[in-house]
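Protein chains in written order, with the working numbering: chain A, 12 to 269; chain B, 25 to 431.
Ideal Cβ positions, reconstructed from N, Cα and C, are used throughout, including at glycine.
Since the model is a prediction, treat every value here as computed from it, not as a measurement.
For reference, the structure is listed below as structure tokens.
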């Protein structure tokens with residue numbers, strides 16, 4: 012059963028317990044620069060506050076709802092696509108999708124071409140530019156915890172129920188229930204986006220005002236290049252055969268070159 | 025100033041001497057200087073990493089090295105497989121005189137690409153991983169296999185030339201293997217030239233709709249084919265000066281015509297693409313992408329087609345203009361796909377990238393190394409004078425006369 016997380020944006024109070032839990036569980040380094048930043052600062056950063064050592068970030072957006080000013084905190088991390096572009100882009104299988112949901116990365120297999128970063132529809136992947144031997148960094152969705160029937164580190168500490176861990180199908184039903192009863196925007200971000208993601212977002216304020224990529228394709232990204240890759244060996248074989256035929260035909264009754 | 029080294033191989037009683045020459049000219053010293061600085065930067069890159077030597081960042085994980093060294097390098101080296109196809113498979117013997125020099129350019133181009141890639145990737149020591157850990161859903165997997173295999177094939181093809189001078193015993197075996205090498209050596213680049221385009225198909229919604237297309241593979245393939253003639257024209261006029269080697273106008277014009285035909289096909293496909301996607305309003309929006317797209321198409325395709333099929337291609341000057349526009353058009357196209365096409369999306373939240381001087385110097389350095397290698401090989405192996413005429417020594421370069429030593 013594929014797991015997922017439901018993010019109920021209006022419920023988040025911006026305490027950032029999830030970020031701390033993420034750092035502790037994944038043993039990520041503390042960057043003194045990051046300590047002085049507020050969620051509002053991070054929302055304005057081109058990388059949405061995600062760095063090689065910051066796998067998740069709480070970003071605050073100042074919005075208008077029914078004419079009154081409201082602030083909304085959005086938890087940002089890898090969306091863990093159902094059919095991930097990064098996995099299909101990786102030519103050495105360094106990124107894999109686990110059946111339980113997490114999309115994980117293994118630096119041992121990584122060549123460092125960064126095609127995954129170019130392919131990611133949500134621009135989540137980060138690179139260790141400062142290291143001489145760099146790797147790709149992103150939320151791994153606590154694969155060892157999830158595989159052992161535990162919930163992710165971030166969801167385990169959320170005091171308000173803004174992030175809920177569970178079976179994706181059940182979460183999707185729950186999301187739709189909450190949309191109806193709370194009068195949210197009628198869209199579960201992650202239900203169909205990029206072919207569906209393990210992380211699902213619901214909100215009472217428009218997604219496009221919170222830097223969500225609302226115009227992202229709803230087709231699974233690997234399906235774009237799947238046919239091409241399947242056809243390639245046949246086209247290559249046919250083309251080589253044609254060339255060989257032409258070579259033999261054109262060189263018949265002719266002096267060899269030189 | 026001329027360096028002539030004589031290696032004497034005293035195996036047994038037989039005296040076997042192979043002469044190597046490399047003439048020093050001011051231009052070559054400039055190449056060497058750039059190459060030296062580039063190598064120094066490359067060393068820094070390996071010690072301190074990509075962050076210290078490039079302006080790449082999380083919004084722009086691909087930059088100049090991918091656009092210039094890889095995409096452009098592979099495209100500009102496309103003349104090699106094109107010429108192989110025309111000369112050896114279709115047996116248009118008229119073009120035989122330029123076959124070797126074009127294939128040499130192609131080989132050196134690919135070596136630069138492979139070197140460039142090793143510098144560009146984060147974990148270069150892991151370059152072999154895709155050979156054993158098959159990420160076969162990735163278009164890059166196909167590019168990787170084809171480029172690496174094709175580079176080996178080109179080295180073997182060059183060995184056929186090299187064994188005319190050294191290790192002569194292997195020559196007859198290589199000669200026998202040539203048909204197979206040639207056919208595989210045309211198939212592989214056809215596949216990976218198109219795949220380089222398909223790489224960007226995955227970036228749906230990120231790549232500007234002007235360049236994002238189902239036809240990306242044929243666009244990349246056709247442009248790598250028609251840039252071949254442009255490269256040959258430019259190369260023959262440069263090498264004509266440096267090595268005093270002239271290619272017949274009629275040979276070049278024939279190539280330019282073939283290239284023009286491919287361009288026409290490309291242009292038709294571009295128009296079909298615009299019609300299918302319904303992007304005519306984007307093409308004439310006259311914002312930055314639209315202007316770049318139009319420049320690319322008008323100056324890089326339409327004008328060269330006019331030159332190719334008019335009397336303009338009858339003159340040396342016309343041919344040269346065809347070459348310059350053709351090559352510049354493809355350069356602009358590859359840069360547009362990476363920079364103009366992705367710029368709006370990648371910069372939307374304040375991302376930015378412009379190549380660091382170190383990135384530019386490394387790119388120029390790799391080209392310099394290729395030029396030096398080309399000159400060395402052209403002077404020492406039977407490349408230019410392959411159709412009979414001996415190259416003449418004692419060339420005027422930059423107004424300085426170099427005396428030649430008698431052979």
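Original post:
Which one of 370/B, 265/B, 133/B and 243/B has the shortest CA to CA distance from residue 291/B?
Top reply: 243/B
Original post:
What are the residues of the stretch 75-105 of chain A that lie near chain B, defined by any Cβ-Cβ distance shorter than 8 angstroms?
Top reply: 96, 98, 99, 100, 101, 102, 103, 104 and 105
Subject >> Residue environment, residue 161/A, which counts as buried when at least 16 other CB atoms sit within 10 Å >> reply: exposed
Original post:
If you run the structure through DSSP and keep just helix, strand and coil, what is residue 271/A?
Top reply: The displayed coordinates of chain A run from 12 to 269. Any statement about residue 271/A would go beyond what the structure contains.
**OP:** Report yes if the CB atom of residue 152/A is closer than 8 angstroms to the CB atom of residue 123/A, and no otherwise.
**Re:** no
Original post:
In whole angstroms, what separates the C-alpha of residue 201/A from that of residue 230/A?
Top reply: 12 angstroms
Subject >> Cβ contact (3+ pairs, closer than 8 angstroms) linking the stretch 364-379 of chain B and the stretch 51-68 of chain A >> reply: yes
Original post:
Residues of chain B with CB under 9 angstroms from residue 268/A, in chain order?
Top reply: 111, 112, 115, 117, 120 and 123
Original post:
Would you say residue 75/B faces chain A, with C-beta separation under 8 angstroms as the test?
Top reply: yes
**OP:** Using a Cβ-Cβ cut-off of less than 9 angstroms, list which residues of the stretch 157-188 of chain A approach chain B; keep chain order.
**Re:** none
**OP:** Just the C-alpha distance for residue 447/B and residue 332/B, rounded to the nearest angstrom, thanks.
**Re:** As displayed, chain B neither begins before 25 nor continues past 431, which places residue 447/B out of reach and without an answer.
Original post:
Taking the alpha helix (DSSP H) that residue 161/A falls in, what are its first and last residues?
Top reply: Element bounds for residue 161/A: n/a, residue is neither H nor E.
Original post:
Would residue 42/B count as contacting chain A if we go by Cβ distances under 8 angstroms?
Top reply: no
**OP:** Classify residue 122/A as helix, strand or coil using the three-state DSSP reduction.
**Re:** coil
Original post:
Does residue 195/A get closer than 8 angstroms to chain B when you measure Cβ to Cβ?
Top reply: no
Original post:
Taking 7 angstroms as the line, does the beta carbon of residue 218/B fall inside it for any heavy atom of the ligand SAM?
Top reply: Looking for the ligand SAM in the displayed structure turns up nothing, as the structure carries no ligands at all.
**OP:** Determine the direct distance from the alpha carbon of residue 393/B to that of residue 106/B, and round the result to whole angstroms.
**Re:** 24 angstroms
Original post:
So is residue 162/B in contact with chain A if we call contact Cβ pairs under 8 angstroms?
Top reply: yes
**OP:** Pick helix, strand or coil for residue 358/B, following the three-state DSSP scheme.
**Re:** helix
Original post:
Taking only beta-carbon atoms, is residue 65/B less than 8 angstroms away from chain A?
Top reply: no
Original post:
Would a check of beta-carbon distances place residue 227/A closer than 8 angstroms to chain B?
Top reply: yes
Subject >> Range of the contiguous beta strand (DSSP E) that encloses residue 70/A >> reply: 68-76
Original post:
So which of 194/A, 185/A and 248/A has the shortest CA-CA distance to residue 217/A?
Top reply: 194/A
Original post:
Which residues of chain B have a Cβ atom closer than 8 angstroms to the Cβ of residue 254/A, listed in chain order?
Top reply: 109, 113, 207, 210 and 211
**OP:** Rounded to whole angstroms, what's the CA-CA distance from residue 28/A to residue 179/A? Just pull it up for me.
**Re:** 23 angstroms
**OP:** Could you list the residues in the stretch 125-145 of chain A with a C-beta less than 9 angstroms from some C-beta on chain B, going in chain order?
**Re:** 125, 126, 127, 128, 129, 130, 132, 134, 136, 137, 138, 139, 140, 141, 142, 143, 144 and 145
Subject >> Option nearest residue 47/B by Cα separation, candidates 407/B, 401/B and 289/B >> reply: 401/B
Original post:
How would you label residue 80/B, buried or exposed, when you count the other beta carbons within 10 angstroms and need 16 or more for buried?
Top reply: buried
Subject >> Expected contact under 8 angstroms - CB spacing of residue 212/B and residue 170/B to nearest Å >> reply: 4 angstroms
Subject >> Beta-carbon neighbours of residue 261/A, restricted to chain B and to distances below 7 angstroms >> reply: 113, 114 and 115
Original post:
Quick one: Cα of residue 328/B to Cα of residue 322/B, how far?
Top reply: 9 angstroms
Subject >> CA-to-CA distance, residue 163/A to residue 177/A, given in whole angstroms >> reply: 10 angstroms
Original post:
Run through DSSP, which three-state label would residue 107/A get?
Top reply: strand
Original post:
Could you give the distance in angstroms between the alpha-carbon of residue 136/B and the alpha-carbon of residue 135/A?
Top reply: 31 angstroms
Original post:
How about residue 324/B and residue 232/B: are their beta carbons less than 8 angstroms apart?
Top reply: no
Subject >> Contact with chain A by residue 145/B, beta-carbon distance below 8 angstroms >> reply: yes
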